[in-house]
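Protein chains: 2
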Amino acid sequence: MKAKVIVMPKQSVLDPQGVAVRDAMHHHGLPQVKSVRIGKFMEIEVEGADEAKLHEICRDLLSNPVIEDYRLELQ
Amino acid sequence: MKAKVIVMPKQSVLDPQGVAVRDAMHHHGLPQVKSVRIGKFMEIEVEGADEAKLHEICRDLLSNPVIEDYRLELQ
């Protein structure tokens, strides 16, 4: 089974890395870019784990719930 | 328009961050995890840019083609 986890900074949290990339894209000839937000993408190969346990791991290990949201997709 | 860019280490490239997270998941009671690979996820808000230009930026700015692959999704 494959699990994908996306961890993004919360909307209310500043993302200086995203701002820097947006400015760099402007300098590279893409002034149409309005905003960039940067997070982490994890591809997890797992054999028959239960979803509740994976959510627990996402919360406790893979993200910082104070400043980040996560999304778990199972395939 | 929204663009999503996923940048992952190439399959042939070691991903020590992924290995560390896999080991941590084992210690947190998920020994079923076989592998973890970690990349970047970028959400880009852009007004009417052409796709070719976005691919150019992905190649030149957002990823390192020597060790990373990128995937661009337009919505």
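Sequence order for the protein chains is H and B.
Under our numbering, the residues of the first sequence are numbered 1 to 75, in order.
Under our numbering, the residues of the second sequence are numbered 101 to 175, in order.
Ideal Cβ positions, reconstructed from N, Cα and C, are used throughout, including at glycine.
Cβ closer than 7 Å: which chain H residues qualify as neighbours of residue i?
{"i": "B:Ala124", "result": "Leu61"}
Determine whether the beta carbon atoms of residue i and residue j lie at a separation below 9 Å.
{"i": "H:Ile38", "j": "B:Met142", "result": "yes"}
{"i": "B:Leu174", "j": "H:Val21", "result": "no"}
{"i": "H:Lys4", "j": "H:Ile57", "result": "no"}
{"i": "H:Leu30", "j": "B:Ala149", "result": "yes"}
Does any residue of chain H have a CB that is nearer than 9 Å to the CB of residue i?
{"i": "B:Glu145", "result": "yes"}
{"i": "B:Ala149", "result": "yes"}
{"i": "B:Gln175", "result": "no"}
In chain order, what residues of the same chain have a beta carbon less than 8 Å from the beta carbon of residue i, not counting five sequence neighbours either side?
{"i": "B:Met125", "result": "Val133 and Val136"}
{"i": "H:Glu51", "result": "Leu72 and Leu74"}
{"i": "H:Val19", "result": "Val36"}
So that I know if they touch, is there some Cβ in chain B lying closer than 9 Å to that of residue i?
{"i": "H:Lys34", "result": "yes"}
{"i": "H:Lys10", "result": "no"}
{"i": "H:Leu72", "result": "no"}
{"i": "H:Val21", "result": "yes"}
{"i": "H:Leu30", "result": "yes"}
{"i": "H:Val13", "result": "no"}
Excluding the 5 residues preceding and the 5 following residue i in the sequence, name in chain order all residues of the same chain whose CB lies nearer than 7 Å to its CB.
{"i": "B:Lys140", "result": "Val107"}
{"i": "B:Pro165", "result": "Arg159"}
{"i": "H:Lys10", "result": "Ile67, Glu68 and Asp69"}
{"i": "H:Val13", "result": "Ile67"}
{"i": "B:Asp115", "result": "Pro109, Arg137 and Ile138"}
Between which residues of its own chain and residue i is the CB-CB distance below 6 Å, once the five residues before and five after are set aside?
{"i": "B:Met101", "result": "Val146"}
{"i": "H:Arg71", "result": "Ile6"}
Show which residues of chain B have a CB atom less than 8 Å away from the CB atom of residue i.
{"i": "H:Lys40", "result": "Ile138, Gly139, Lys140 and Phe141"}
So is the beta-carbon of residue i under 8 Å away from any non-hydrogen atom of the ligand PLP?
{"i": "B:Gln175", "result": "Questions concerning the ligand PLP fall outside what the structure shown contains, since it holds no ligand whatsoever."}
| said: Tell me which residues of the segment 154-166 of chain B have at least one Cβ-Cβ distance to chain H shorter than 9 Å, keeping chain order. | reply: Leu154, Glu156, Ile157, Asp160, Leu161 and Leu162
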